[in-house]
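Residue numbers (our numbering): -17 to 712.
#1: In the DSSP output, what is residue 572 paired with across the bridge?
#2: Might you give, ordered along the chain, the residues of its own chain that have their beta carbon closer than 6 Å to the beta carbon of residue 179, omitting 5 neighbours on each side?
#3: Do the CB positions of residue 227 and residue 205 come within less than 8 Å of each other?
#4: Taking Cβ to Cβ, would you say residue 577 is nearer than 8 Å to residue 545?
#5: Would you report the Cα separation of residue 147 and residue 195, rounded to the nearest angstrom?
#6: Between the C-alpha atoms of residue 632 and residue 642, what's the straight-line distance to the nearest angstrom?
#7: Would you mind working out which of 417, 509 and 198 sits nearest residue 425, comparing C-alpha positions?
#8: Taking only runs that begin and end inside the region 131 to 172, name each unbroken beta strand (DSSP E) of 3 or more residues, in chain order.
#9: Kindly list the residues whose CB is nearer than 6 Å to the CB of residue 600, restricted to its own chain and excluding five residues on each side of it in sequence; keep chain order.
#10: Let me know the secondary structure DSSP gives residue 431 once reduced to three states.
#11: Using the Cα positions of residue 720 and residue 93, report the straight-line distance between them to the nearest angstrom.
#12: What is the DSSP secondary structure of residue 437, counted as helix, strand or coil?
#13: Which value, in whole angstroms, describes the spacing of the CA atoms of residue 326 and residue 320?
#14: Quick one: what's residue 255 bridged to in DSSP?
#15: Take residue 639 as the anchor and find which of 653, 656, 654 and 614 has the nearest alpha-carbon.
#16: Cβ of residue 550 within 7 Å of any heavy atom in the ligand MN?
#17: When DSSP builds the beta bridges, which residues end up paired with residue 695?
#18: Unbroken alpha helix (DSSP H) runs of length 4 or more, entirely within the region 265 to 330: which are they?
#19: To the nearest whole angstrom, what separates the beta carbons of residue 733 and residue 277, a pair I think is in contact under 8 Å?
#20: Excluding sequence positions up to five away, which residues of its chain have a Cβ less than 8 Å from the Cβ of residue 308?
#21: Going by CA-CA distance only, name the one from 553, 549, 661 and 590 that's closest to residue 611.
#22: How about the region 253 to 260 and the region 295 to 302: do they share at least three Cβ pairs that are nearer than 8 Å?
#23: What residue range does the alpha helix (DSSP H) around residue 195 cover?
#24: Using a Cβ distance threshold of 8 Å, determine whether the region 73 to 89 contacts the region 182 to 197, with at least three qualifying pairs required.
#25: The alpha helix (DSSP H) spanning residue 213 covers which residue range?
#26: Assuming the contact rule is C-beta atoms closer than 8 Å, residue 385 and residue 374 should be a hit. Round their C-beta distance to whole Å, please.
#27: Can you give me the C-alpha to C-alpha distance between residue 698 and residue 706, rounded to a whole angstrom?
#28: Taking DSSP as the reference, what is the three-state secondary structure of residue 77?
#29: Taking C-alpha atoms, which residue in 41, 176 and 372 lies nearest to residue 138?
#30: Residues in the same chain with beta-carbon distance under 6 Å from residue 687, minus the five sequence neighbours each way, listed in chain order, please.
#31: So for residue 559, helix, strand or coil by DSSP?
#32: Let's test the definition: count the other Cβ atoms within 10 Å of the Cβ of residue 211 and tell me whether it reaches 16, buried, or not, exposed.
#33: Going by alpha carbons, who is nearest to residue 585 out of 152, 81 and 710?
#34: What separation, rounded to the nearest whole angstrom, lies between the Cα atoms of residue 265 and residue 59?
#35: Which value, in whole angstroms, describes the spacing of the CA atoms of residue 80 and residue 145?
#36: In the structure shown, what three-state DSSP assignment does residue 655 receive?
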């Protein structure tokens, strides 16, 4: 039997012999994914490691270049002390002209001692124009070496300082450098007296500095080279060979060597082969203002040892993950096999339980239910409630075509109507009249749903008795109509009563004042006070009636809301309050205000009442009032009065867009428990003598704002001021 309710539809499972292939495919995909992720992780690590090493190597090379550059600058700076130094030149001239001038020689020796003591020189000596050593610290006088004589002669002729590059006097002599300073006879002549030589031993500073490496390393070293013809000459002792300074050379054709590339002027990071034919990574730099080039290098085997270690770690981890995923896939497959048979039993049991639950709901439902075969239109099931509701037996429904019953002739009068019914998944009809078996007529709501049950399309029809609801709706309409008529009569009564009360009040006030004026000389002070009380009461009563009349006219006399400039409405309100503003020295400011859909006169009244209250309920300082507006299209916080019955902010949806106005003052403030009370007509928080008024102003604002479809609420803190908010459609 076909049953109603959206029951579970069995989904055909793949054949069991395919399950193992599926798990094998999943395992293959997981294994491939693990290998791809492992490869990506390894390559990413290797790339970042290489980048970090290159950055470190470049930093070391730059550090050594800057140090060598500074060292050369300092040596030339020492020479500048003596170059074109007329005082020192005069001492040299005197010493050379008169060798017996011990004073001049002593002063020259003092100069040389100071230079030797403060700098990194092995010797400082003075040569005459013939290249003969005349003075030296320390040491004895001797004839200068041939290469030094040549460079000194060049410096004398040019009259310029010279830096003597790495050289040795003989193949077995020590390597040295030097600074050659020509000593000129006078400031206005280039006639040389001799040269001053600062003799530098590179083993003292240069070679130790070049040899040092800032981090522990088994292969890192720094090479200082220069180009000589078609060869590159190594200027310092290297790590893995001996006696290489000014001896080891390589042809410039070996461009795979970092030293050759550096001598050719290349800069940056390169991979190449060093003098041992070992793969290295090197940073190439040139030394500014010198013929030197610097190479900072390290063996690739040492550099990438951590990367190689990471590779083996990655391979091991990937293998473990693949083995683990294979074992997991096998375990899941075995569990799936066991679960399959358990689920078959559970599904059969669940189907029976579902059928039982459905039958209970179907039979206990308080709506009538018909189940139709969507192909034939035959009724296959009916619940007891519908049988009882219509007063027919079960047999009157089962096995019949729905259009043969006649109950639903307004929907399914024939087989063609039924074809239209089954094509629509959902249909709903209200206020459908039916005649019961005992002749009663009832109103019902008819709803049909089309869906699949066990691969068979069925239609479930729900029939709900709405006779009592229709009666209640008619009653509510009648009550609403009576209430509307009563409200209109009440408004008319309030208007007439307020209008008719004005005249006798004016008469009481006028004659009381006339009595006071005519008999003022005959009346004592008590009588005058009594007359004053009467006049004041009449005036207050007249003001109260006027405010009540205004309040009653909000709905009946208001104009149809139209697009108006709210800034103009604020200006009109301020014009009406000119006297109160000047008397209280109030400061009223505002932001740019928008165009809104409202009754212009009533919006003026809202602004006027709120600003008037801000001026009236002021503190010790002059009133300051600020008016602004913001636009929003979301839910707004704040029911009338700003809180619900639990004191929480109430959320009320508005139209798609509206403006929220705020009127903020620096007055005395309002306690939170009075936030709702102040919007009730005639409700006052202060005595008449302290703050005059009728208690209608805020109630009038509330009624005007609500007439426009908005709300009004307040936020305040005692002693710190009050802000009134209200919303209007954009």
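Note that beta-carbon positions come from the ideal geometry of N, C-alpha and C, so glycine has one too.
Just so we're clear, the structure is a prediction, and the values are computed from it rather than from any experiment.
Short version:
#1: 609
#2: 107, 160 and 162
#3: no
#4: yes
#5: 24 Å
#6: Here the model assigns residue 632 a pLDDT of 39, short of 50, so the residue's position is not dependable and the matter cannot be decided.
#7: 417
#8: 144 to 149 and 158 to 168
#9: 649
#10: strand
#11: The shown model of the chain, from -17 to 712, leaves out residue 720, and the question about it has no answer.
#12: coil
#13: 10 Å
#14: 261
#15: 614
#16: With respect to the ligand MN, the structure shown offers nothing to examine, as it has no ligands at all.
#17: 707
#18: 282 to 285
#19: Residue 733 lies beyond the residue range present for the chain, which begins at -17 and ends at 712; the question has no answer from this structure.
#20: 9 and 13
#21: 549
#22: no
#23: It is not in any alpha helix (DSSP H) - residue 195 carries neither H nor E in the DSSP assignment.
#24: no
#25: Premise fails: residue 213 lies in the beta strand (DSSP E), 213 to 216, not in any alpha helix (DSSP H).
#26: Contact doesn't hold; Cβ gap of about 16 Å is too wide.
#27: 8 Å
#28: helix
#29: 176
#30: 694 and 708
#31: coil
#32: exposed
#33: 710
#34: 29 Å
#35: 30 Å
#36: helix
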